[in-house]
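In UniProt numbering, the protein residues as written are 1 to 123.
Positions of the beta carbon are idealized from the N, C-alpha and C atoms, including for glycine.
Bear in mind that the values here come from a model prediction, so they are computed numbers and not experimental data.
Report on the following structure.
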Amino acid sequence: MANIDISLKEMMAVDGALGAVVVDYSSGMALGTHGGSKDLDLQVAAAGNTEVVKAKLRTMESLQLKDAIEDILITLGSQYHIIRPVTGRSGKGLFLYLALDRGRSNLAMARHQLKAIEERLEI
1 MANIDISLKE MMAVDGALGA VVVDYSSGMA LGTHGGSKDL DLQVAAAGNT EVVKAKLRTM
61 ESLQLKDAIE DILITLGSQY HIIRPVTGRS GKGLFLYLAL DRGRSNLAMA RHQLKAIEER
121 LEI
């Protein structure tokens, strides 16, 4: 079991990591951040990606899909952004957000590592 700080450090250890956040999507607030830059404001990313998660959940409800989001991937020209809802009972309403440099990362490995980090996270 890992706490938020440990999970953020593990996320930043993923090859190509630019920034990592644990977000409460009911409020859009970042519970913890690591990394980021003047070009990657993690507080803004947390709030903005909250809207992405909420929109997807509303769409799934409208479509009456009885499934759960595993992760949401946004690909940019130079970056990957991965959003992974926390599925554990103690993490309900949270998601992990990881921004990666596309040229220095392996997307499949990053998704695999983020899943393992999410499974160990204990709030």
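To the nearest angstrom, report how far apart residue i and residue j are at their CA atoms.
i, j, result
"I72", "Y80", "10 Å"
"F95", "R120", "13 Å"
"A10", "R102", "The amino acid at residue 10 is misidentified as Ala; the sequence shows Glu. Going from the Cα of E10 to the Cα of R102 covers about 18 Å."
"T59", "Y25", "16 Å"
"E118", "T75", "21 Å"
"G32", "V23", "7 Å"
"A2", "A116", "11 Å"
Where DSSP assigns a beta bridge to residue i, which residues make up the other side?
i, result
"L98", "A20 and I82"
"A110", "DSSP lists no partner for A110."
"T33", "V21"
"I74", "H81"
"L63", "DSSP, once it has assigned bridges, lists no residue as partnering L63."
"A2", "L121"
Please decide whether residue i counts as near chain C, where near means a Cβ-Cβ distance under 7 Å.
i, result
"S105", "Annotation note: the requested chain C is absent from the structure, which comprises a single protein chain."
Starting from the C-beta of residue i, find all residues in its chain whose C-beta is less than 8 Å away, skip the five residues before and the five after it, and write them out in chain order.
i, result
"M109", "V14 and D15"
Determine the closest residue to residue i out of the options, with distance taken between C-alpha atoms.
i, options, result
"V53", "L8, G36, H34 and G28", "G28"
"A30", "I4, S62 and H112", "I4"
"I123", "V86, A116 and R111", "V86"
"G93", "S7, T50 and V44", "T50"
"R104", "A46, I69, S78 and L8", "S78"
"A47", "G88, L8, E70 and I83", "I83"
Quick one: residues in its chain with C-beta nearer than 6 Å to the C-beta of residue i, no 5 flanking neighbours on either side, listed in chain order?
i, result
"Q113", "V14"
"M12", "A20, H34 and G35"
query: Contact between the segment 15–29 and the segment 37–46: three or more CB pairs below 8 Å?
result: yes
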